[in-house]
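Chemist: The structure follows.
Residue numbers (UniProt numbering): 1 to 491.
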């Protein structure tokens, strides 16, 4: 009786899917010998290679993934270089005829996939792409006209109808069969992704636990008690320690799948008396999907305004103003608290991101691309689709954006969403002794109040870079000038 030949091994190419559960590429390997691979291909990403904060996260996430894979029986092979060179070389070395990977939406990643597929074909192997980092295939969902969606509400309605039949998440694989004689890879420590001395990321670990286990723990904490029911109101209050889910970096790095989160949140809301409590959070997941839908169909979004008229916007680039904003020295306490939170923890509360972004592009007339670039380098959840789409939303240049004339007043926003000043007092401690009445407008506080609080404006804390009313007027004038230049009447 003829012997059955063992199937050839396969490579599983991890990218932004650093998890075992609900990983279609890993599941597709089945019971064949598998070599899990992560390739640090910074040349392919170009200017969109991970920024400083994201590199810290990647360091710890890869360490967690390597440990999880090792516990299943197959270690993670790390290699640095061009993926189209590394993967065919590894496939030949171990005799693999297939490389399994999950699709990405970023333009640079799609180009990388094409190069890898061509290089593998020359080596006698095949790239097999699965799924996506989303709840939907962005190439498949289109409006009735056959064109991609440009407005969020109809997009969300169309996607929501499809998600009524969303398949459940895949379980993590059982024991993995390792590839015998696999070549030795590099080490994550050798890549020096995390900072050395001085360690500017020292506080990150007080808030974050990268890796799949950390993602699951974060989801469980969010769904516990009444946090889901309180989300609609608490998510807008930066002083609320647990007002948001904190899942954004885990979702970006694929340590947890959006399908897993979607089902878990819906199931939690369906239990007990929490019916309907999931809707505000699920809408945020749909917005994330919309950002990726835009990036798939408008790959220029990270660098160019989606509304052509904004190509002629009269920005006033000023390195001094940009630097003050980056350092949290604008003179607007809610903005400065957010920028300092960003530097210390690699993350900023979403409501404050909108306020800080509005002040930069509208009150200070700095290009939105400069703000997006800073966020890209300092956010642990820096995501090309979400970062670009949200900055264009704030700037008014996106397909479905906040109107340009919607200008967040930094004082009123601070007083509305941080009324007790917990957020500002934590991250701008030099103002901690100011009474609530003056905390968000220290330049208007009487001199005796400032003196009692130990604040000397211009020494301990800066005066505002722009008067809120004058900054608004200047922004509206710039918008009117842009519309005139584009041949449209001022709004």
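Glycine included, each C-beta is placed from N, C-alpha and C at the ideal position.
Should residue 444 go down as buried or exposed, given a rule of 16 or more other Cβ atoms within 10 Å for buried?
Modeler: Under this definition residue 444 is an exposed residue.
Chemist: Quick check: what's the CA-CA separation for residue 271 versus residue 412?
Modeler: 38 Å
Chemist: Which term fits residue 395, buried or exposed, when burial requires 16 or more other beta carbons within 10 angstroms of its beta carbon?
Modeler: buried
Chemist: Given a cut-off of 8 Å on the beta-carbon distance, is the pair residue 106 and residue 295 in contact?
Modeler: yes
Chemist: Are there 16 or more other CB atoms within 10 angstroms of the CB of residue 490, so buried, or fewer, so exposed?
Modeler: Because residue 490 carries a pLDDT of 42, less than 50, the predicted location of this residue cannot be relied on, and no value is offered for it.
Chemist: By Cβ distance below 6 Å, which residues in the same chain neighbour residue 399 in space, the five residues on each side in sequence not counted?
Modeler: The beta carbon of residue 399 is closer than 6 Å to those of 150 and 306 in its chain, skipping five residues each way along the sequence.
Chemist: I think residue 257 touches residue 269, with their Cβ atoms under 8 Å apart; what is that distance to the nearest whole Å?
Modeler: About 19 Å separates the two Cβ atoms, so there is no contact after all.
Chemist: Less than 8 Å between the beta carbons of residue 40 and residue 191, yes or no?
Modeler: yes
Chemist: Counting Cβ pairs, one atom from each stretch, are 3 or more of them under 8 Å apart for the region 28 to 39 and the region 77 to 97?
Modeler: yes
Chemist: According to DSSP, is residue 139 helix, strand or coil?
Modeler: coil
Chemist: Does residue 211 pass the burial test, meaning 16 or more other C-beta atoms within 10 Å, or should it be called exposed?
Modeler: buried
Chemist: Helix, strand or coil: which one does DSSP assign to residue 180?
Modeler: Looking at residue 180 - three-state DSSP - the assignment turns out to be coil, as it is neither helix nor strand.
Chemist: Using a 10 Å radius around the Cβ and a threshold of 16 neighbouring Cβ atoms, would you call residue 386 buried or exposed?
Modeler: buried
Chemist: Below 8 Å on the Cβ atoms is my guess for residue 56 versus residue 193; work out the distance and round it to an integer in Å.
Modeler: 7 Å
Chemist: Taking the alpha carbon of residue 184 as the point to measure from, which residue in 124, 140 and 78 has its own alpha carbon closest?
Modeler: 78
Chemist: By the 10 Å Cβ neighbour count, where 16 or more other Cβ atoms means buried, how is residue 267 classified, buried or exposed?
Modeler: exposed
Chemist: Does the beta-carbon of residue 363 have 16 or more other beta-carbons within 10 angstroms, so that it is buried, or is it exposed?
Modeler: buried
Chemist: Quick one: Cα of residue 358 to Cα of residue 403, how far?
Modeler: 11 Å
Chemist: Scan the region 18 to 44 and note each continuous beta strand (DSSP E) run of 3 residues or more that stays entirely inside, going in chain order.
Modeler: The beta strand (DSSP E) runs of length 3 or more contained entirely in the region 18 to 44 are, from start to end of the chain, 34 to 40.
Chemist: How many angstroms separate the CA atom of residue 148 from the CA atom of residue 431?
Modeler: If I take the Cα positions, the gap works out to 48 Å.
Chemist: For residue 331, is the classification buried or exposed, using 16 other Cβ atoms within 10 angstroms of its Cβ as the cut-off for buried?
Modeler: Classification of residue 331: buried, given that the 10 Å Cβ count is 16 or more.
Chemist: Once DSSP output is grouped into helix, strand and coil, what is the label at residue 165?
Modeler: coil
Chemist: If you reduce the DSSP assignment to three classes, tell me which class residue 149 lands in.
Modeler: coil
Chemist: Check for me: the beta strand (DSSP E) holding residue 494 runs from which residue to which?
Modeler: Absent from the structure is residue 494, since the part of the chain shown begins at 1 and ends at 491.
Chemist: My understanding is that residue 255 touches residue 19, with C-beta atoms under 8 Å, so please give their C-beta distance in whole angstroms.
Modeler: Yes, they are in contact, since the Cβ atoms of residue 255 and residue 19 sit about 5 Å apart, within 8 Å.
Chemist: Hey, quick one: how far does the beta strand (DSSP E) through residue 292 stretch, first residue to last?
Modeler: Note, residue 292: premise wrong, no beta strand (DSSP E); alpha helix (DSSP H) at 279 to 297.
Chemist: In whole angstroms, what separates the C-alpha of residue 115 from that of residue 58?
Modeler: 24 Å
Chemist: If you draw a straight line from the alpha carbon of residue 484 to that of residue 352, how long is it in whole angstroms?
Modeler: 32 Å
Chemist: Among the candidates 143, 326 and 312, whose CA atom is the shortest distance from the CA of residue 290?
Modeler: 143
Chemist: Are three or more beta carbon pairs between the region 410 to 428 and the region 333 to 342 nearer than 8 Å?
Modeler: yes
Chemist: Distance check for residue 38 and residue 71, CA to CA, integer angstroms please.
Modeler: 17 Å
Chemist: Cutting at 6 Å between CB atoms, please list the residues of its own chain near residue 297, excluding the five before and the five after it.
Modeler: 148
Chemist: Decide if the region 318 to 325 is in contact with the region 364 to 384; the criterion is three or more beta carbon pairs, one per stretch, under 8 Å apart.
Modeler: yes
Chemist: Using a threshold of 8 Å, state whether the C-beta atoms of residue 334 and residue 418 are closer than that.
Modeler: yes
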